[in-house]
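Residue numbering for the sequence shown is 24 to 283, as defined by our numbering. We put the beta carbon where it would ideally sit given N, CA and C, even for glycine. Here the structure is a predicted model, which is why all the values come from computation and not from measurement. Have a look at the structure below, then the notes.
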Amino acid sequence: MIYTTGYYFLSVGSMLSVLLLFQAKPPVKPDPPRVTMVWPWVVNPVGKHKLILRGQNLDAVQSAQLETTGMPMALSLEGKVASAPLPDGMDGKLFGSQILTLETGILAGTPVGDKQIVLTGKNQEKAKAVVEVTTSPLTPEKEPNNDLDQAQVISKLPCRLLGTIEKKQDVDCFRIDLKQGQTVEVRLTSRGRGSVLDPLITIQAPDGSIRQKAVPKPGAMDLVVIHTAKNAGPVCIVVQDSFDSGSQSHAYDALISIIK
24 MIYTTGYYFL SVGSMLSVLL LFQAKPPVKP DPPRVTMVWP WVVNPVGKHK
74 LILRGQNLDA VQSAQLETTG MPMALSLEGK VASAPLPDGM DGKLFGSQIL
124 TLETGILAGT PVGDKQIVLT GKNQEKAKAV VEVTTSPLTP EKEPNNDLDQ
174 AQVISKLPCR LLGTIEKKQD VDCFRIDLKQ GQTVEVRLTS RGRGSVLDPL
224 ITIQAPDGSI RQKAVPKPGA MDLVVIHTAK NAGPVCIVVQ DSFDSGSQSH
274 AYDALISIIK
């Protein structure tokens, strides 16, 4: 009787072991795609545009579409996912370590404002990003513009600039002409759209003398600078990273306008 009982418990134990061994494990859900920045994050509703998305798990993206009034617009996936350039010390998991390029044509007449980009992964998981559509003219920065003598001349205001601090110790210089007593406003967007740029704006005379310097207020995502000209003449607006950092992810747009 003792041996029989022992055999019985041994048999039951063996069966339980086999059942546990072959028990199906629940499938591990893949992490969904995540977008931390779209560049450019503002476009005009004309022609074709290449949009560079930075984020995580972008290699899982199977399709993308732009949500517009009426039928959503499909976006073309351009090539393979690449590594995102990030400066030393920046967390790729936080800021995004991958780049995915999309191509889209935005039709004339598309209503202005923020539009959603919807990405779909291998298992139908979704990720969303935002791109702004505007009819206001957009001016890309033109290199070389990293010195006051090479400052990009902005002859018509208001002007919305799109630029990137591409490398360490890079600066972007823009020159405007002001009348005595005129007030210019520079409204720079960076962190608010996912850029890693910590902006620093300096207003300088052509001889390099500093007239004003500004960084975002504590807790602010972006930067607004207001400058009144004491004398008529040119001034240079210099954009750089506060820590002299730079990469393709140090993007910004700056709206320059006369407010008085």
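Excluding five sequence positions before and after Val65, the CB atoms of its chain that fall closer than 8 Å to its own CB belong to Val154, Glu155, Val156, Thr157, Leu161, Arg183, Leu185 and Asp276, given in chain order. Taking a contact as a CB-CB distance under 8 Å, the pair Val61 and Leu74 counts as one, their CB atoms being some 6 Å apart.
In the three-state scheme derived from DSSP, where H, G and I count as helix and E and B as strand, Lys116 is classed as helix. Pro63 and Arg210 have their C-alpha atoms roughly 17 Å apart.
In the DSSP assignment, Leu180 falls outside any beta strand (DSSP E) and carries neither an H nor an E.
Within the same chain, and ignoring the five residues on either side of Asp200 in sequence, the residues whose Cβ sits closer than 6 Å to its Cβ are Pro257. For Ser232, the closest C-alpha among the options Gly242, Asp267 and Leu171 is that of Leu171. At a Cβ-Cβ threshold of 9 Å, Gly119 and Ser272 count as neighbours.
Looking at Thr187, Gly204 and Gln175, the one whose alpha-carbon comes closest to that of Phe197 is Gln175. Note that the C-beta distance between Thr225 and Gln263 is below 9 Å. With distances taken between CA atoms, Leu76 lies nearest to Gln121 out of Gln121, Glu148, Asp111 and Val238. Under the DSSP assignment, Ala105 falls in the beta strand (DSSP E) whose first and last residues are Met96 to Ser106. The straight-line gap separating the alpha-carbon atoms of Asn254 and Glu208 is approximately 17 Å. Residue pairing for Lys73: DSSP places it in a beta bridge opposite Glu126. For Gln173, there is no enclosing beta strand (DSSP E), since its DSSP letter is neither H nor E. The shortest CA-to-CA distance from Pro110 to any of Ile279, Ser268 and Lys283 is the one to Ser268.
Taking C-beta atoms as the reference points, Asp245 and Ser213 count as a pair closer than 9 Å. By the beta-carbon neighbour count (other beta carbons within 10 angstroms, threshold 16), Ile281 is exposed. Taken through DSSP and simplified to helix, strand or coil, Asp54 comes out as coil. When the alpha-carbon of Glu90 is set against those of Asp137, Asn146, Arg216 and Gly115, the nearest one is in Asp137. Separation of Ala87 and Asp193 (C-alpha to C-alpha, rounded to the nearest whole angstrom) is 34 Å.
Residue burial annotation: Ala252 is buried, with at least 16 other C-beta atoms found within 10 angstroms of its C-beta.
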